[in-house]
C-alpha cells in the first residue's frame, strides 16, 4: 500500500506547490472512514481509493482531483455524509464526490433502470465538472484491474458495462490509452478464448519481426535527420481488442491484417508533419487509399495526426502516424491533457471547454440526452449519441457535419435542425437522388429535399442511427397521434352535444374533464379519441354537468332468454344475442325490437370476420338482424341513428374447424427479400396467404395488403405480433373494409403491383 508521504511526493513531482495539508487530510479521513472494510480480494478497502488517486497522479491532475480520488467512495460505502465532506474539504470537492455517488434510494424496478438513472446522474455531474469524469474512469480502471476476485457472473456484467459505456466514454474524450486498457480488460473477461489467441499471435509477430522493427526505426530516424527533422520514432503494437474489432468488422482472418504493428513519428511542429509526409512518400511507395489527414480535420475527440501506409524496407507494409509532441500528448491523455495542472491553478472549466472540442461537444450532447428522454430510452440514446465512430459529410454550402457510422440522410437532416428532419422527403447524395436508407460515407455531400406538409413516419425510428433523430421522430409520431386522437374525441363530443341540443362553455368543459379525472378539456378529448374513455362514461358525465335527464326504458324480448341472458335465433347457431339494459328507445328501435322473435333472420355484413371478434347486431324494422364486427366502418354512420343495437357473441360451443379469410396491412422498407421475409413470418404462424396487393408510397417504402386465412382471432393476433417483431416492418394492423375491397378487386387508384396467389 502506498504511504501518505509517497502520494504527496508523486503530486509534488509535477506540482511543487501542491496543497500538502489537503492531501494529508483526505488520506487520513478516507483511511479512517473505510476502517476495517475489505475488498473481495481480502485487501483493505482503502487500497482501492489510494490506487485511484495514484492513477490520477499519472494524469498529472490538480490537488482537488487527487483528494476526490481518495474520498470518492466515502459517501456511498461509509457513514460519511455530503455535509461532512463539504465542511472538511469545501463545497467544490463535496460536489464532485456527490456526483460520483450512485443512486441507491430510488424504487427502481430493474437493473437496467437503475443503470440508466445512475448514468444520467453521472453525466450531469460530468457536464458540470470534467474532473468527475476523470475520477470515474480511474475508479473503473482500478476495478477492472482487480476484477478477477469477483464472482464470474458479476465479472461479466461489470466487463460488459465497461465495454458499453466507460471505455467508449474514455475514447470520446480522447483518452486512448485508458480506453485500450479498459477494452482489453473487458475483452479478456467476455471473450477469453479470442483474447488468448490474439495475445499469442502478437507475441509471435513481435518475436519474428524484432529485427525488422529495429531496421525500420533506424532508417526512418536517419532519413528524417538527413532532412533536418528531429524526430522520435517508436514502434507500437495494436491492442488485442482493436485487432478483434477489425477482424469482426471486415470479416477477415488474423493473418490478413497488415497493420498489427505500426510506427509513430513525433516531430516538432505541424509544418514538420507535412514535410515528413513528403519525405516518406518520395522515399517509399505509398499504399493507395490509406492516407488520412486528421490534422486538417481533427476527430471529434480532438485527436490530430497524419496516417499513411507505405511499402517500406523488406517490402513490408508499414503504417505510420505522424504528429507533434502536443498532438501525441492529447492522443494519449485526451481531455486530461487540457485538465493538467498549469501554473498552480486547478482545472478551469471555461478554459477546458475552449481548448477541448470533445468536452464542449460532450456537454452539449449531455444537455440533449438528459432532457425529456424516458428511462427506458436513455441507455439506448446514450450509446447511439456518445459511443460510435464517426463519418464526416458536407452540406451543399460546405458545412461539415459529423455523424455516427451507419448514419443515413435522415440523421443528417435532424443534425441540421429538427424542422428539417420532420419535413425531409428525400435526399441528394453527391448530386444523385438516393433512398433515405442509404448509409452515408465520409466526404459525401448531402442535400435534403423537403415538403412542409410532410411528417416523419414511425418507420424512420428503425432507420435513424442517432439518438437525436430517434427522439425527434418519436416525438413527432406521438404528437401526430395525439392530434388525430384529439380530432376524433372532439368529433365524438360534438355529436353528443348536437344530439342533446346543448352547448358546452369553457368552465363546463373544464368541469367535464375533472369529472373524468383529466387535467384539461384537451386531455379529455385525446383520451376519448384514444379509446381510454368510452362514450358511456362521457355521456353520463355530460348529463351530470348539463343536468340532462336520461330516459331509460326496460325492453322485454318476445323470445325466451337463457339463464345467462343470451338467446339464440333460428338458423344462426354460430352466434348468440342479448339486448342489454338501457338500450336505445327511439320509435324505430322500439318497433324493431317488437318484431324480434325466434324466427328473425340473421345476416353478416363485412368480410374478414373471424371467431373471437367483438360483434354488434343492428336491427331495423322489417329487416334481418345484421351482424357487424366492432371495427366495421359501417357502424360509424349508424352511431346516432334510431336503431336497435344488440350484443352479439360467438357461440364457440357450436364452432366448427374452418378457415376464415381476413385482411392485414403493413408498411415495409423497400429492400430485396422483404416480401420473402413477410411470407415466411405468416407461414411460421400456420396461416395461409390468399392474395396480395402492393404499392410504393415513397422511394423507400411499400404498403402491402394481404388476404390471409386463419382459424380464429388468437391465430390472427399471433400473425400480427410476429410481423410487428420483424425488422423493417411498421404500421402492421388489421385492414379496414376499404383495404379489403382493394384486395378483392386488385385495384388501387389505377396503379397496383400484383402478385398471384401463393397456393
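Numbering (full-length UniProt numbering), first residue to last: 1 to 759. Built from N, CA and C at the ideal position, the CB exists for glycine as well.
One or two residues paired with residue i in a DSSP bridge
i, result
"residue 307", "292 and 321"
"residue 645", "618"
"residue 424", "450"
"residue 626", "603 and 618"
"residue 38", "44"
"residue 31", "Answer is none; residue 31 lacks a bridge partner."
"residue 432", "429"
"residue 733", "665"
"residue 650", "575"
"residue 445", "394"
"residue 567", "577"
Close Cβ partners of residue i (< 8 Å) along its chain, the five nearest in sequence each way excluded
i, result
"residue 5", "none"
"residue 8", "18, 20, 23 and 24"
"residue 544", "515"
"residue 12", "18 and 20"
"residue 156", "189 and 190"
Alpha helix (DSSP H) segment containing residue i, residue limits
i, result
"residue 89", "82 to 89"
"residue 724", "713 to 724"
"residue 492", "467 to 500"
"residue 48", "47 to 58"
"residue 234", "From DSSP, residue 234 is part of no alpha helix (DSSP H) but of the beta strand (DSSP E) over 232 to 237."
"residue 763", "Because residue 763 is not part of the residues shown, which for the chain are 1 to 759, the question remains open."
"residue 1", "No alpha helix (DSSP H) contains residue 1, which DSSP labels as neither H nor E."
"residue 187", "176 to 190"
"residue 136", "130 to 145"
Collapsed DSSP secondary structure at residue i in the structure displayed
i, result
"residue 531", "coil"
"residue 640", "coil"
"residue 747", "Note that residue 747 scores 44 on pLDDT, short of 50, meaning its location in the model is unreliable; the coordinates nonetheless yield the value given after this. If DSSP states are grouped into helix, strand and coil, residue 747 belongs with coil."
"residue 593", "helix"
"residue 524", "helix"
"residue 728", "coil"
"residue 281", "helix"
"residue 460", "helix"
"residue 61", "coil"
"residue 264", "strand"
"residue 160", "helix"
"residue 665", "strand"
"residue 204", "helix"
"residue 342", "With a pLDDT of 45 at residue 342, under the threshold of 50, the modelled position of this residue cannot be trusted, and the question is left open."
"residue 517", "coil"
"residue 660", "strand"
"residue 399", "coil"
"residue 7", "helix"
"residue 286", "strand"
"residue 244", "helix"
"residue 414", "helix"
7 Å Cβ cutoff met for residue i and residue j
i, j, result
"residue 95", "residue 33", "no"
"residue 395", "residue 472", "no"
"residue 184", "residue 239", "yes"
"residue 231", "residue 267", "yes"
"residue 221", "residue 237", "no"
"residue 574", "residue 670", "no"
"residue 465", "residue 404", "yes"
"residue 610", "residue 625", "no"
"residue 100", "residue 136", "yes"
"residue 129", "residue 52", "no"
"residue 264", "residue 176", "no"
Where the beta strand (DSSP E) containing residue i begins and where it ends
i, result
"residue 691", "688 to 698"
Same chain only: Cβ atoms within 7 Å of residue i, ignoring 5 sequence neighbours per side
i, result
"residue 635", "616 and 628"
"residue 16", "none"
"residue 604", "627"
"residue 260", "202, 205, 237, 238 and 243"
"residue 297", "392"
"residue 311", "284, 285, 287 and 317"
Sequence-distant residues of its chain with Cβ nearer than 6 Å to residue i (five each side left out)
i, result
"residue 26", "67, 70 and 71"
"residue 345", "The predicted position of residue 345 is uncertain, since its pLDDT is 43 and thus under 50; no value can be drawn from it."
"residue 659", "709"
"residue 415", "401"
"residue 696", "702"
Any C-beta of chain C under 7 Å from that of residue i
i, result
"residue 84", "Of the protein chains in this structure there is only one, and it is not chain C."
Distance cut-off 6 Å: residue i Cβ against heavy atoms of the ligand ADP
i, result
"residue 596", "Annotation note on the ligand ADP: not contained in the displayed structure, which lists no ligands."
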